[in-house]
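J.: Here's a structure for you.
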Amino acid sequence: MADIATTDDSAVVIIGSGAGGGTLANELCQKGIKVVLLEAGEHYTTHDFVNDEWEAFNQLSWLDMRTSSGSWRVSRDFPNLPAWICKTVGGTTVHWAGASLRLQPHELKARSTYGAIDGANLLDWPISVDDLAPYYDKAEAKMGVTRTNGIPGLPGNNNFKVMYTGARRVGYEHVHTGRMAINSQPRDGRPACMQLGFCFQGCKSGAKWSTLYTEIPKAAATGRLDLRSQAQALRVEHDDNGKATGVVYVDADGNQQRQKARAVCVAGNSIETPRLLLMSESNRFPDGLANGSGEVGRNYMRHMTGSVYGVFQDPVNAYRGTTMAGIIEDEIRHDDSRGFAGGYEMETIFLGVPFMAAFLDPGAWGDTFAADMEAYDRMAGMWLVGEDMPQASNRVTLNSAHTDANGMPVPNVHYDDHPNDIAMRNHAYKAGAAVYEAAGAVRTIETPPYPSTHNLGTCRQSAKPQDGVCNGFGQSHEVANLFISDGSQFTTSAGENPTLTIVTLAIRQADYIAEQMKQQAI
Amino acid sequence: MTSHEEPIGRRRFLRFTGAAAAAAAGSRVLLAPTGALGVELSGALTAHEADTLQAMLRRLYPHASLGDRYYLNAVAVLDEQANDSAETRSLLKDGVAELDNVLTLPFVQLSDGYRLKALRAIEDSPFFAKVRSTAVTAIYDQKLVWRQLGYEGASYPHGGYIERGFNDLAWLPEPPADASPPPYS
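Chains A and B, in that order, give the protein sequences. With my numbering, the residue at position 50 of the first sequence is 230, and numbering never jumps. With my numbering, the residue at position 172 of the second sequence is 153, and numbering never jumps.
Right under this line is the structure:
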């Protein structure tokens, strides 16, 4: 591990160590570039992870005060927990389920493909799938995605068996155990999946890819990485020429530090990333850094989500094994005839008893709820995840009514479902119920969205500076050496789980940053 | 969760057998009806308040398969919070009084249907929200409750489920190998 002086302005400073920041750090270090990696959370190891939902939640989650508003039900049920993401080295790659799906070509051309949709702030990405394809190849190889690179699929668990049978009976054709960044066989110094059933709590075996024990130690081994955990960024500073000069942060001891930088890459997830830019306002950038367009914080997306659980007469024991153990891909296509634009995936999911009680129907009580919980071991479950519409009013803003431990305003997350989101969820609920009924379910349960795990947009890529915050490389339109390096760059959400694309964009961005540095452009 | 669902904090349960155990000075003992098991409370709540909360929890989350001990443990969490916070103590005491007042009879004396009616009447109150959100965590985060409901809890100490039934469902056909390959061996 390197020890980079705070006065050293030759290093790239990356804020956030998850899928975007952790990957970018390693890619840059491998190219000979020095990196200071600031992570707000603590540094744990797989040894520290616990197979206990509440304990792990309290250990890993981002629990700093947040507020929420809007008509989404999450704001009613969990007003201070709009998102279920992590504050720890490795970021939300510690918590993620591992589904690694490429975006479809038409999804990067959402505006052209779907046309104008009332209330939706649709835009084509400034890049195409052809730009991403070689980097998707690298990301899949890096992460060891099953069903790519000759890596076999994972074995299906009980939850998948139910999904598979029902899906085939209703006529779905693309049903399998997924493309997962979970080792189906030993690879890259990590073992094969033990079917623990605690993917969300930090994978204790390390079979699931996380930057915590792949990218970050590989970056450290180059001698060019200076990882600082429990370092909360407060603002990005700039000079008179409008170039980013460094980052002010609070270190693990509570002391304020100023780290100089050649370039600054923000990868704090789609709530903290816009928050940091907004907190970095100055005379030159009165509405926040890189926010001349007014687009920072806007077009917050969180995917159309929901879950369906099927209750059966016989035991399923769906909690055993990989949480996201299988997928139905038939509904991910764009097909207007279903009454909505875009598509969705159907993926198995299951929770332990503590979280099932908290999330099955938040706020519910009484005979029906208790009967559902009594059926716990006879249930199968699936998560529905699809494209949601970008809306200018779905937005992360600073809420000055509340401040954090450092006296900074907390973020407010506002979200209203677009009619397209509701139409898609309605279709997905019915489709999910049909799958379980075909497999013999005695009843099905519709579960509302959990706090957001897929936080996207808020600093989106755009061809024109007035439409977004950054270009197709994540480089901000206004500040040449300021980069957006996480899911905040997504122009539209597409329907797939986003991590593979975040990693892909980070690998591509690393090439671009290295080239720009070589050319002395930044 | 952060504000609505409160994880169990410093839980201290004292279990003992029947009346043989003496309660510490200043505290009181709540006995399960069987007399076989109890939970020591702090004294922040009266016996009546604790009994009422226990009855309320059973009506909120009615599991015939669960013995009183699991509900008592959740009452103990509320009691501990009442002992730590004057605000919570008032909320619970006033709430129980309100609950006793809905149908002009003490809640613990109400029939099952009337208990439901009384709870529906106060469903939007901060008291109800506090008790419900605390209880949904406190009841369902007990390891023995997990076992009652068929959940096995931590699996890593046992090698996961790779050799312990992750795919043992036998009442449906097996998916083909291209959809679900065999485990690594």
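No residue lacks a Cβ here, since even glycine has one placed at the ideal position from N, Cα and C. Everything numeric in this text was worked out from a predicted model, so none of it was measured.
So if I threshold CB-CB distances at 7 Å, which residues from the stretch 98 to 113 of chain B count as touching chain A?
T.: R113
J.: Tell whether a beta-carbon distance below 8 Å holds between A/N586 and A/L414.
T.: Mapped onto the first sequence, residue 586 of chain A falls at position 406. Mapped onto the first sequence, residue 414 of chain A falls at position 234. In this structure, A/L414 lies closer than 8 Å to A/N586 by Cβ.
J.: If contact is defined by three or more beta carbon pairs under 8 Å, each pair taking one atom from either stretch, is the stretch 617 to 636 of chain A in contact with the stretch 259 to 268 of chain A?
T.: Segments in contact, yes.
J.: Counting only C-beta atoms, is B/Y165 closer than 8 Å to chain A at any point?
T.: Mapped onto the second sequence, residue 165 of chain B falls at position 184. Judged by the 8 Å Cβ criterion, B/Y165 is in contact with chain A.
J.: Distance cutoff 8 Å, beta carbons only. Does B/N64 sit that close to anything in chain A?
T.: On the second sequence, position 83 is the one that residue 64 of chain B refers to. B/N64 has a beta carbon lying at 8 Å or more from every beta carbon in chain A.
J.: Provide the residue span of the beta strand (DSSP E) that contains A/H598, from first to last.
T.: The sequence position of residue 598 of chain A within the first sequence is 418, counting from 1. Premise fails: A/H598 is in no beta strand (DSSP E) and is neither H nor E.
J.: Using 8 Å as the Cβ pair cut-off and three pairs as the minimum, do the stretch 667 to 682 of chain A and the stretch 446 to 456 of chain A touch?
T.: yes
J.: Please state if the CB of A/V496 and the CB of B/L150 are separated by a distance shorter than 8 Å.
T.: Mapped onto the second sequence, residue 150 of chain B falls at position 169. Mapped onto the first sequence, residue 496 of chain A falls at position 316. Going by C-beta atoms, B/L150 is nearer than 8 Å to A/V496.
J.: In this structure, how does DSSP classify A/V476 when only helix, strand and coil are distinguished?
T.: The residue labelled residue 476 of chain A in the question sits at position 296 within the first sequence. Of the three classes helix, strand and coil, the one that applies to A/V476 here is coil, per DSSP.
J.: Can you check DSSP and say which residues form a bridge with A/D763?
T.: The structure shown does not extend to residue 763 of chain A, since chain A is modelled only from 181 to 702, so the question has no answer here.
J.: Are any of the Cβ atoms in chain A nearer than 8 Å to that of B/N148?
T.: As a working note, residue 148 of chain B is residue 167 in the second sequence. Interface with chain A (8 Å Cβ-Cβ cutoff): B/N148 is included.
J.: Quick one: grab the DSSP three-state call for A/Q571.
T.: As a first step, residue 571 of chain A is located in the first sequence; it is residue number 391 there, counting from the start. It is coil, neither helix nor strand.
J.: Run through DSSP, which three-state label would A/A411 get?
T.: On the first sequence, residue 411 of chain A is found 231 positions in, with the first residue counted as 1. DSSP places A/A411 in coil when its eight states are reduced to three.
J.: Can you have a look at B/D49 and say buried or exposed, based on whether 16 or more other CB atoms are within 10 angstroms of its CB?
T.: Residue 49 of chain B sits at position 68 when you count from the first residue of the second sequence. Buried.
J.: What's the call for A/V622, buried or exposed, on a 16-neighbour Cβ count within 10 Å?
T.: Counted from its first residue, the first sequence places residue 622 of chain A at position 442. Answer is exposed; the Cβ neighbour count stays below 16.
J.: Going along the stretch 254 to 265 of chain A in order, which residues come within less than 8 Å of chain B, judged by CB to CB distance?
T.: D257, F258, P259, N260, L261
J.: Helix, strand or coil: how does DSSP classify A/A279 here?
T.: Taking the first sequence and counting its residues from 1, one reaches residue 279 of chain A at position 99. Strand, per DSSP.
J.: So with CB distances below 7 Å, who are the chain B contacts of A/A537?
T.: The sequence position of residue 537 of chain A within the first sequence is 357, counting from 1. V117, Y121, listed in chain order.
J.: Once DSSP output is grouped into helix, strand and coil, what is the label at B/K111?
T.: Within the second sequence, the letter at position 130 stands for residue 111 of chain B. Residue state, collapsed to three classes: helix.
J.: For A/E695, count the other beta carbons within 10 Å of its own beta carbon; 16 or more makes it buried, fewer makes it exposed. Which is it?
T.: Position 515 of the first sequence holds residue 695 of chain A. Exposed, because fewer than 16 other Cβ atoms sit within 10 Å of the Cβ of A/E695.
J.: Check whether the stretch 100 to 117 of chain B touches the stretch 51 to 62 of chain B, taking contact to mean three or more Cβ pairs, one atom from each stretch, closer than 8 Å.
T.: yes
J.: Could you name the residues of the same chain whose beta carbon sits closer than 8 Å to that of A/T624, not counting the 5 residues immediately before and after it, in chain order?
T.: Taking the first sequence and counting its residues from 1, one reaches residue 624 of chain A at position 444. For A/T624, where only same-chain residues beyond five positions count, the Cβ hits under 8 Å are V488, Y489, G490, V491, G612, A613, Y616, E617.
J.: Which residue or residues does DSSP assign as beta-bridge partners of A/S248?
T.: The count along the first sequence starts at 1 and reaches residue 248 of chain A at position 68. Partner(s): A/V593.
J.: If we define contact as Cβ-Cβ less than 8 Å, is B/S161 a contact residue for chain A?
T.: Residue 161 of chain B sits at position 180 when you count from the first residue of the second sequence. By this cut-off, B/S161 is an interface position.
J.: What does DSSP give as the partner residues of A/N579 in its beta bridges?
T.: As a first step, residue 579 of chain A must be located in the first sequence, where it is residue number 399. BP columns for A/N579 point to A/V590.
J.: Are the C-beta atoms of B/S46 and some chain A residue less than 8 Å apart?
T.: Here the question's residue 46 of chain B lines up with position 65 in the second sequence. Yes, its Cβ sits closer than 8 Å to a Cβ of chain A.
J.: Does any C-beta atom of chain A lie closer than 8 Å to the C-beta of B/A36?
T.: For the purposes of this step, residue 36 of chain B is taken as residue 55 along the second sequence, with counting starting at 1. No, no contact with chain A.
J.: Relative to chain B, which residues along the stretch 358 to 377 of chain A have a C-beta separation below 7 Å, given in chain order?
T.: S364, Q365, A372, M374, Q375, L376, G377
J.: Pick out whichever of A/Y344, A/G336, A/A347 has its Cα sitting closest to the Cα of B/F147.
T.: Against the second sequence, residue 147 of chain B aligns to sequence position 166. Nearest option by C-alpha distance: A/G336.
J.: Going by DSSP, what residues sit across from A/E525 in a beta bridge?
T.: The count along the first sequence starts at 1 and reaches residue 525 of chain A at position 345. A/E525 is bridged to A/V565.
J.: From the beta carbon of B/A57, is the nearest beta carbon of chain A less than 8 Å away?
T.: The residue given as residue 57 of chain B occupies position 76 in the second sequence. So no, B/A57 is outside the interface.
J.: Could you check the C-alpha separation between A/A182 and A/T402 for me, to the nearest Å?
T.: Here residue 182 of chain A corresponds to residue number 2 of the first sequence, with the count starting at 1. Here residue 402 of chain A corresponds to residue number 222 of the first sequence, with the count starting at 1. Rounded to whole angstroms, the gap between the alpha carbons of A/A182 and A/T402 is 9 Å.
J.: Give me the DSSP bridge partner(s) of A/A263.
T.: Counted from its first residue, the first sequence places residue 263 of chain A at position 83. According to DSSP, A/A263 bridges with A/S632.
J.: Span of the beta strand (DSSP E) holding A/M484?
T.: Mapped onto the first sequence, residue 484 of chain A falls at position 304. Here the beta strand (DSSP E) through A/M484 covers 484 to 491.
J.: Whose C-alpha, out of A/S241, A/P306, A/D433, A/G501, is nearest the C-alpha of B/G141?
T.: Against the second sequence, residue 141 of chain B aligns to sequence position 160. For the options A/S241, A/P306, A/D433, A/G501, the alpha carbon positioned closest to that of B/G141 is the one of A/G501.
J.: Tell me the DSSP secondary structure of B/R(-9) in three-state form.
T.: The residue labelled residue -9 of chain B in the question sits at position 10 within the second sequence. Caution is warranted here: a pLDDT of 30 is assigned to B/R(-9), below 50, making its placement in the model unreliable, and the coordinate value is therefore given only provisionally. The DSSP-derived three-state label of B/R(-9) is coil.
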